[in-house]
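Here the structure comes first, spelled out in structure tokens, and everything after it is commentary.
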Amino acid sequence: MNKLLLVFIVLIKGLILQAQNELSEKQTQTELLEFYKQYITIVASGYSENKSTFLKKKYCTKNLIAKLPQLIEECDCDPFLKAQDSNIRFLRTLSIKQAKEPNTYKVSYIADDRIIINLTVIKQNKSVTIARIW
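Okay, so the sequence shown: first residue is 63 according to my numbering, each after it adds one.
Written out as structure tokens, the structure is:
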């Protein structure tokens, strides 16, 4: 009887953890989608340095923020968009999907061609933080 109870408890605990992970994935995708909706809108409407800085501080690690000038110089574009400008119409095709690697996501949208941005995220203070972009 005790073994049966132990097996039951282990199964229930596993199901709860799986449900929490699924919720976590949905939360991550939702937060990344929110970042990108705001970011694309800011850049498309004439780029506000204050709003952009606020978003980056909210959604990116300090280490990534420090590397942004180098990333911009390397690709000669905005690394969050892989483009030099933005358009509100990008929001119509914006999608965020989990990649094969843990904590890695693919952000995509269609400009003239499909643009794909790879992100690595970490959890900080119960929210999603972008740690790497390529």
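For glycine and all other residues, C-beta sits at the position ideal for the given N, C-alpha and C.
Classification of residue i by the beta-carbon crowding that lies within 10 angstroms, buried from 16 upward
i              : result
isoleucine 178 : exposed
cysteine 139   : exposed
serine 148     : buried
Three-state secondary structure (DSSP) of residue i
i              : result
leucine 133    : helix
asparagine 180 : strand
glutamine 160  : strand
isoleucine 150 : coil
alanine 106    : helix
Residue i vs residue j beta-carbon contact at 8 Å
i             : j              : result
threonine 103 : isoleucine 150 : yes
valine 183    : alanine 173    : no
Neighbourhood of residue i by C-beta, 7 Å cutoff - its chain only, sequence neighbours within 5 removed
i            : result
tyrosine 101 : Leu117, Phe142
cysteine 122 : Thr191, Ile192
Beta-carbon contacts of residue i that lie in its chain and below 6 Å, excluding the five residues immediately before and after
i          : result
valine 105 : Ser148
- So does the region 127–135 actually touch the region 161–168, counting three or more Cβ pairs closer than 8 Å? no
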